[in-house]
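In the numbering used here, the protein residues as written are 1 to 232.
What follows is a single structure, written as structure tokens, with notes after it.
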Amino acid sequence: MKVEIITLFPEFFNGVFNHSILKRAIDSGALEYIIHDLRDYTTDKHHQADDFRFGGGAGMLLKPEPLFAVLSEIVDNVKPRPLVIYPTPQGIPFSQDIADDLSKQVHVIFICGHYKGIDQRVVDRWVDREYSIGDYVLTGGEIAVTAMVDAAIRMKPGVLGDIDSARSDSFRNNFLDCPHFTRPEELDGLKVPGVLLSGHHLNIETWRRITSEYLTKRRRKDILTDSNTIQG
Ligand code: ADE
Numbered sequence: 001m002k003v004e005i006i007t008l009f010p011e012f013f014n015g016v017f018n019h020s021i022l023k024r025a026i027d028s029g030a031l032e033y034i035i036h037d038l039r040d041y042t043t044d045k046h047h048q049a050d051d052f053r054f055g056g057g058a059g060m061l062l063k064p065e066p067l068f069a070v071l072s073e074i075v076d077n078v079k080p081r082p083l084v085i086y087p088t089p090q091g092i093p094f095s096q097d098i099a100d101d102l103s104k105q106v107h108v109i110f111i112c113g114h115y116k117g118i119d120q121r122v123v124d125r126w127v128d129r130e131y132s133i134g135d136y137v138l139t140g141g142e143i144a145v146t147a148m149v150d151a152a153i154r155m156k157p158g159v160l161g162d163i164d165s166a167r168s169d170s171f172r173n174n175f176l177d178c179p180h181f182t183r184p185e186e187l188d189g190l191k192v193p194g195v196l197l198s199g200h201h202l203n204i205e206t207w208r209r210i211t212s213e214y215l216t217k218r219r220r221k222d223i224l225t226d227s228n229t230i231q232g
């Protein structure tokens, strides 16, 4: 999967792509990334990338011309056409299903907005999808892009090592994941639930499903549907 990111803060991604699973994905060839510094596409001597909003009000916008310049360079004439994503609080909610879909894309371009966002004409001309990572406003799109790339890349075969682990994550079958324990069996008087030490696979599976459903009911009734409710 090839990812290109257009940003005013290219250094932000140095750390992100140099650690843990994302680094492993790059080293294995599952992920290739290119960072485009939006300021390189400005034409004035101050390299100004933002401007005031027509109609007034506080908060600046990213100017459209540098974005048009970089996007025409990296989208036009590229075959097959890359998918262009703009992370924004006004987007549809990003989800595990969308992450799965993203992991199957060959070439994705992300535009990182800042301040009040980007000129709408950039969206109208170039953007295929707008996603939000939650009902809060971040200072820019870099953190949202990182979340989306991370969620997508871990779904690619070979990246996690143990794909079964991803299959039992939260949001699979619309349940939150159950609690997990490792050694020691007792710590500071706190014991691992006995059933997990029993070696009885059916009982362990039942305990995990019941605790998943309990957590989901208490915390996320919105994702629970009739079809995934344990009967009896
Ligand atoms: N940019 C700023 N806030 C955002 C959010 N919640 N989701 C995606 N992109 C954003």
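Ideal Cβ placement from N, Cα and C applies to all residues, glycine included.
Because the structure is a prediction, the values reported are computed rather than measured.
Meets three-Cβ-pair contact criterion under 8 Å: the segment 106-121 and the segment 57-68: yes
6 Å Cβ shell around leucine 71 - same chain, five flanking residues per side excluded: Residue mapping note: residue 71 aligns to position 71 of the sequence shown, counting from 1. If we look at leucine 71 and ignore the five residues flanking it on each side, its Cβ neighbours are Trp126.
Closest residue to valine 108 among His200, Pro184, Lys79 (Cα-Cα distance): Along the sequence shown, read from residue 1 onward, the residue named residue 108 stands at position 108. The shortest Cα separation from valine 108 among His200, Pro184, Lys79 belongs to Lys79.
Whole-Å CB distance - leucine 83 paired with aspartate 128, under 8 Å assumed: Reading the sequence shown from its first residue, position 83 is the one you call residue 83. Reading the sequence shown from its first residue, position 128 is the one you call residue 128. Correct: roughly 5 Å between the Cβ atoms.
Close-in-space but distant-in-sequence residues of the same chain around asparagine 42 (CB under 7 Å, 5 per side omitted): Locating residue 42 in the sequence shown gives position 42, counting from the first residue. One point to set straight first is that residue 42 is threonine, not asparagine, in the sequence displayed. Contacts found: Gln48, Ala49, Pro66.
Cβ-based neighbour list, aspartate 169, same chain, cut-off 7 Å, excluding 5 preceding and 5 following: Counted from its first residue, the sequence shown places residue 169 at position 169. Result list for aspartate 169: Asp177, in chain order.
Histidine 19 to glutamate 32 span [Cα, whole Å]: Translated into positions along the sequence shown, residue 19 becomes position 19. Translated into positions along the sequence shown, residue 32 becomes position 32. The alpha-carbon atoms of histidine 19 and glutamate 32 are separated by roughly 14 Å.
Reduced DSSP category for proline 184 - H, G, I as helix; E, B as strand; rest coil: Position 184 of the sequence shown holds residue 184. The answer is coil: DSSP assigns proline 184 none of H, G, I, E or B.
Classification of threonine 7 by the beta-carbon crowding that lies within 10 angstroms, buried from 16 upward: By one-based count along the sequence shown, residue 7 stands at place 7. So threonine 7 counts as buried.
Assigned exposure category for isoleucine 85 - 16 Cβ within 10 Å defines buried: Taking the first residue of the sequence shown as position 1, residue 85 is located at position 85. Counting Cβ neighbours within 10 Å, isoleucine 85 comes out buried, since at least 16 surround it.
Contact check, proline 87 vs glycine 113, beta carbons under 9 Å: Residue 87 sits at position 87 when you count from the first residue of the sequence shown. Residue 113 sits at position 113 when you count from the first residue of the sequence shown. Taking 9 Å as the Cβ cut-off, proline 87 and glycine 113 qualify as a contacting pair.
Cβ pair alanine 25, isoleucine 153 closer than 9 Å: The count along the sequence shown starts at 1 and reaches residue 25 at position 25. The count along the sequence shown starts at 1 and reaches residue 153 at position 153. In contact: alanine 25 and isoleucine 153 (Cβ atoms closer than 9 Å).
Alpha carbon of methionine 148 to alpha carbon of alanine 99, nearest angstrom: Residue numbering aside, residue 148 sits at position 148 when the sequence shown is read from its first letter. Residue numbering aside, residue 99 sits at position 99 when the sequence shown is read from its first letter. Roughly 7 Å between the two C-alpha positions.
Secondary structure of phenylalanine 175, DSSP reduced to three states: For this step, residue 175 is matched to residue 175 along the sequence shown. The three-state reading of DSSP puts phenylalanine 175 in coil, since its state is none of H, G, I, E or B.
Close Cβ partners of valine 75 (< 8 Å) along its chain, the five nearest in sequence each way excluded: Numbered from its first residue, the sequence shown carries residue 75 at position 75. Cβ neighbours of valine 75 beyond the five flanking positions: Arg81, Pro82, Val84, Ile109, Trp126.
Ordered list of alpha helix (DSSP H) runs contained in the segment 20-44, each at least 4 residues: Those alpha helix (DSSP H) runs which fall completely within the segment 20-44 and span 4+ residues are 20-28.
heavy atom of ligand 1 below 8 Å from isoleucine 133 C-beta: The count along the sequence shown starts at 1 and reaches residue 133 at position 133. Yes.
N- and C-terminal bounds of the beta strand (DSSP E) containing lysine 217: For the purposes of this step, residue 217 is taken as the residue at position 217 of the sequence shown. Unbroken run through lysine 217 is the alpha helix (DSSP H), 201-219; no beta strand (DSSP E).
Check: tyrosine 136 C-beta below 8 Å from any heavy atom of ligand 1: The residue labelled residue 136 in the question sits at position 136 within the sequence shown. Yes, the beta carbon of tyrosine 136 sits closer than 8 Å to at least one heavy atom of ligand 1.
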